[in-house]
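Heads up: the sequence lines are chains U and H, in that order.
Position one of the first sequence corresponds to residue 1 (the working numbering), numbered consecutively onward.
Position one of the second sequence corresponds to residue 1001 (the working numbering), numbered consecutively onward.
Even glycine gets a Cβ: it sits at the ideal position worked out from N, Cα and C.
Written below as structure tokens is the structure these notes are about.
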Amino acid sequence: MKTTDAVSPIAVSQVGTSLVAFFLVYALLGAVDFYLLFKFARKGPEAAPAAAK
Amino acid sequence: MFETIWFVIWGVAWAVYFMLDGFDLGLGTLFPFLAKNETDKRILVNAMGPFWDGNEVWLITAGGVTFAAFPRAYAIMFSGLYTPLMLLLFALILRGVAFEFRGKEDSQAWRTTWDTCLVVGSFLPALLLGVAFANIFAGLPLDAAGAFHGNLFTLLNPYGLLGGVLFVLVFAVHGALWLTTRTEGELQTRAGRMATTLWLAETAVAVVFLVMTWFSTRLWQNVLAKPVLLVLPLVAVAGLLLTRIFAARGAWWLAWFASSALILGTVLFGVAGLFPNLLPSSLDPAASVTAFNAASSPLTLKIMLGVVLCFLPVVIGYQVWVYLKFRDLVTAESIQKGPAY
């Protein structure tokens, strides 16, 4: 089965919109994540948290 | 026979998903109305924090069951409902991140951003799932090849929208009741009052929905053909009434369980009324996607039944363990010490 044979009957605009949305949302969340990673890495380790109950 | 067993598993997976994730979607929707200050907000987030992702496992399960047991229904559902399901997916992505990110930076703008994601990401899934299921109950415009003749606005018909409003209200009451079981003091009182107030709206919409279901769908006719199934709508109605009765007595856990019975009863009534259809067609009954014309091979269904019977107890076991582990009340003091959101 070729990719062209397996395509669902949905509009190109729908797939295009969701593809762009995936790029934007993941880029944004990725950027926020890296910001937090750097922030907490610079801060260094905290004192050990209270022992779990 | 295996098709029927898998149809039941499919319905139960959705019902359990709505019962569990319903409370955190509802509580997320009520977030700005219940939480008056930062402490309240953190209590709300911590009341859902350890549970929401486990609850969403049941959404994956329901989707997975559709994919594995009824691949044709999966393909048609995800193509036909592409836009609403994409909206659902993005709402759930942003909501999931909101839980983890909101406490990671000490800034009001930061917290407001993620709180907004939490509220929108809770309200939108409740609404979309309600609209989607009401439309499935009523039938989707599917042709014999399974192509969907419509768009997002086709789904926003009066019955579909009423289903959306019903889900939002049912989940909101369910979420407010959940909070009453998880905390104490003024916040608990406020959540209890919210639940009883919203219960009136919930009941009004539920009655209209059940009546419209008679005219817009074939659910009642199908259920009446097998009168033993009437127990399902009766469980739903009893759950709705008992929710209010237990709430008036301040028996919050019982009220939450009654609300759970409402959700299970309603969803299983809908699913039983659909049988053998998974996705009835509104264009031509012969084009409906059923448990029989959409099923995988009997061997696949048989092997997977074995897999489910082995692993479902494990999933239920670890989820019960999580709920027991985090059974202590969430209060202004408890969120100060130890790991918390």
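Among all the DSSP beta bridges, which residues are the ones paired with residue i?
i: H:Val1308; result: According to DSSP, H:Val1308 bridges with nothing at all.
i: H:Val1289; result: H:Leu1279
i: H:Leu1140; result: H:Ser1281
i: H:Phe1153; result: Paired residue(s): none; H:Phe1153 is not in a bridge.
I need the straight-line Cα distance from residue i to residue j, nearest angstrom please.
i: H:Val1168; j: H:Ser1216; result: 20 Å
i: H:Ala1075; j: H:Val1289; result: 11 Å
i: U:Ala11; j: H:Ile1093; result: 24 Å
i: U:Val25; j: H:Phe1090; result: 8 Å
i: H:Ala1251; j: H:Ser1260; result: 14 Å
i: U:Val32; j: H:Ala1340; result: 21 Å
i: U:Phe38; j: U:Leu29; result: 14 Å
i: H:Pro1313; j: H:Leu1324; result: 16 Å
i: H:Ile1316; j: H:Cys1310; result: 11 Å
i: H:Ala1013; j: H:Val1065; result: 8 Å
i: H:Gln1221; j: H:Leu1187; result: 44 Å
i: H:Arg1249; j: H:Phe1292; result: 47 Å
i: U:Val15; j: H:Ala1295; result: 27 Å
i: U:Phe22; j: U:Ser13; result: 14 Å
i: H:Lys1226; j: H:Gly1150; result: 33 Å
i: H:Pro1280; j: H:Leu1027; result: 32 Å
i: H:Leu1087; j: U:Ser18; result: 9 Å
i: H:Ser1122; j: H:Leu1156; result: 19 Å
i: H:Thr1345; j: H:Val1119; result: What the structure shows of chain H is the stretch from 1001 to 1341, and residue 1345 of chain H is not part of that stretch, so it cannot be assessed.
i: H:Glu1333; j: H:Val1237; result: 39 Å
i: H:Trp1110; j: H:Gly1011; result: 40 Å
i: H:Thr1203; j: H:Gln1319; result: 30 Å
i: H:Val1235; j: H:Ala1258; result: 9 Å
Which class does residue i belong to by DSSP, given the choice of helix, strand or coil?
i: H:Phe1023; result: helix
i: H:Phe1051; result: coil
i: H:Leu1299; result: helix
i: H:Leu1081; result: coil
i: U:Lys53; result: Any reading at U:Lys53 must be qualified, since the residue scores a pLDDT of 46, below 50, and its modelled position is unreliable; the value itself is stated next. Coil, per DSSP.
i: H:Phe1070; result: coil
i: H:Phe1148; result: strand
i: H:Gly1160; result: helix
i: U:Val7; result: coil
i: H:Leu1329; result: coil
i: H:Asn1222; result: helix
i: H:Ala1201; result: helix
i: H:Met1212; result: helix
i: H:Lys1104; result: coil
i: H:Gln1336; result: coil
i: H:Thr1217; result: coil
i: H:Glu1184; result: coil
i: H:Arg1249; result: coil
i: H:Lys984; result: Outside the modelled stretch of chain H, which goes from 1001 to 1341, sits residue 984 of chain H, for which no answer is possible.
Apply the 10 Å Cβ neighbour rule to residue i and answer buried if 16 or more other Cβ atoms are within range, or exposed otherwise.
i: H:Ala1015; result: buried
i: H:Thr1197; result: exposed
i: U:Met1; result: exposed
i: H:Lys1041; result: buried
i: H:Cys1117; result: buried
i: U:Lys53; result: Its pLDDT being 46, under 50, U:Lys53 is placed unreliably in this model, and the coordinates cannot settle the point.
i: H:Gly1306; result: exposed
i: H:Met1001; result: exposed
i: H:Ile1335; result: buried
i: U:Tyr35; result: exposed
i: H:Ala1132; result: buried
i: H:Ile1263; result: buried
i: H:Trp1006; result: buried
i: U:Phe40; result: exposed
Do the region 1119-1133 of chain H and the region 1156-1168 of chain H make contact, defined as three or more Cβ pairs closer than 8 Å? The region 1119-1133 of chain H vs the region 1156-1168 of chain H: in contact.
Within the chosen definition, does the region 1103-1111 of chain H reach the region 1235-1245 of chain H through at least 3 CB pairs nearer than 8 Å? No, because fewer than three Cβ pairs between the region 1103-1111 of chain H and the region 1235-1245 of chain H fall closer than 8 Å, the two stretches do not touch.
Any contact between the region 1256-1273 of chain H and the region 1054-1062 of chain H? By contact I mean 3 or more CB pairs, one from each, below 8 Å. Because the criterion of three Cβ pairs below 8 Å is not met, the region 1256-1273 of chain H and the region 1054-1062 of chain H do not touch.
Sufficient close CB pairs (3 or more, under 8 Å) joining the region 1174-1183 of chain H to the region 1030-1049 of chain H: The region 1174-1183 of chain H, when compared against the region 1030-1049 of chain H, does touch it at the 8 Å Cβ threshold.
Is there contact between the region 1054-1073 of chain H and the region 1203-1215 of chain H, where contact requires at least three CB pairs shorter than 8 Å? Segments in contact, no.
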